[in-house]
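Scroll down for the structure; my scribbles are underneath it.
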Amino acid sequence: MANGTAQSSITLRTDTWWVLPLVTAIVLATFGAYSTWRAFANVDFLVQPYLSPFYSPYILASWWPFSPALLILWAPLGFRATCYYYRKAYYRSFFMAPPGCAVKPMAKAGNYEGETKFPFIIQNIHRYFFYAAAVVLFFLWVDAFHALWFEDGFGIGVGTIVLFVNVILLSMYSLSCHSFRHLVGGRFDVFSKCPTRFRLWEKVSKWNENHAMWAWLSLFSVALADLYIFLLAKGVITDLRII
Ligand code: FES
């Protein structure tokens, strides 16, 4: 009864609207904690021929005394943090502004400024994070192909498949990005003048419809790929060689 009273004060909805923002908050917080720990750890990220995606490209700089992951992770993390889909997800889950459709926002009425002022106006640099993350993505493809070459020559291990699945999912996440869609066809008024770009724009628009799915799948895959290599490095599991 008490719950019903509290709920009715913020919404008239009677469904379980709070489940999605709650699960989102738990998953994002878990990923944030795990990736922060792994980025600072600076160990157990390389088991030949596999390199953790958190440390790719692997930059060994004598002038940098901290974990090399910190030199590159700003790009993919900035890309995700400013992603249009994730913005909606964490505005609902963490800021509760609002936590769901037809649910009262937690912020005081009149205080909402959206993304018109600092710090959230910074979200507009998403397209530049796209460019930076694309560079990192290129190196992840290089790493996936590198994972085909073992000490005794060509081969495929479970780790090879893990890295390929991860980079494919990350590529779909990037290729379905709203900024990429704009890059492909955003400035055209007359598509018939450039049919190739029109066809590409149609394809990207189709991928874009499932952007949320690619966002979640690639988030899980990048964490699991790192975890797989961490467990290999720790000797908890051994890599199964398929070929
Ligand atoms: S909108 Fe999600 S990555 Fe660009």
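Residue 780 in the numbering used here sits at position 14 of the sequence shown, with consecutive numbering throughout.
Quick reminder that beta carbons are idealized off the backbone N, C-alpha and C, glycines included.
All of these numbers come straight from a predicted model, not from anything done at the bench.
Three-state secondary structure (DSSP) at residue i?
i     : result
T802  : helix
Y994  : helix
R858  : helix
R1007 : strand
R844  : Before going further, note that residue 844 is Gly rather than Arg in the sequence given. DSSP places G844 in helix when its eight states are reduced to three.
T782  : coil
A835  : helix
V1002 : coil
I887  : helix
A989  : helix
I825  : coil
K972  : helix
W907  : helix
Y894  : helix
P864  : coil
W967  : helix
Y850  : helix
W982  : helix
T882  : coil
G770  : Residue confidence for G770 is low, a pLDDT of 46 falling below 50, so the modelled location carries little weight and cannot support an answer.
Which residues does DSSP list as the beta-bridge partners of residue i?
i     : result
F920  : W915
L1011 : Nothing can be reported for residue 1011, as the shown portion of the chain is limited to 767 through 1009.
T777  : V869
Any heavy atom of ligand 1 closer than 8 Å to the CB of residue i?
i     : result
S945  : yes
A791  : no
R846  : yes
F916  : no
F986  : no
H912  : no
C867  : no
S940  : yes
F797  : no
F981  : For clarity, residue 981 is Ala in the given sequence; the question names Phe instead. Yes, the Cβ of A981 comes within 8 Å of a heavy atom of ligand 1.
C960  : no
F832  : no
F1048 : With the chain covering 767 to 1009 only, the question about residue 1048 has no answer from this structure.
Can residue i be considered in contact with ligand 2, in the sense that its beta carbon sits closer than 8 Å to one or more heavy atoms?
i    : result
Y852 : With respect to ligand 2, the structure offers nothing, as its ligand set consists of ligand 1.
Quiz prompt | Length at least 4, wholly inside the segment 922 to 958: the alpha helix (DSSP H) runs in chain order | solution = Within the segment 922 to 958, the complete alpha helix (DSSP H) runs of at least 4 residues are 924 to 941 and 944 to 951.
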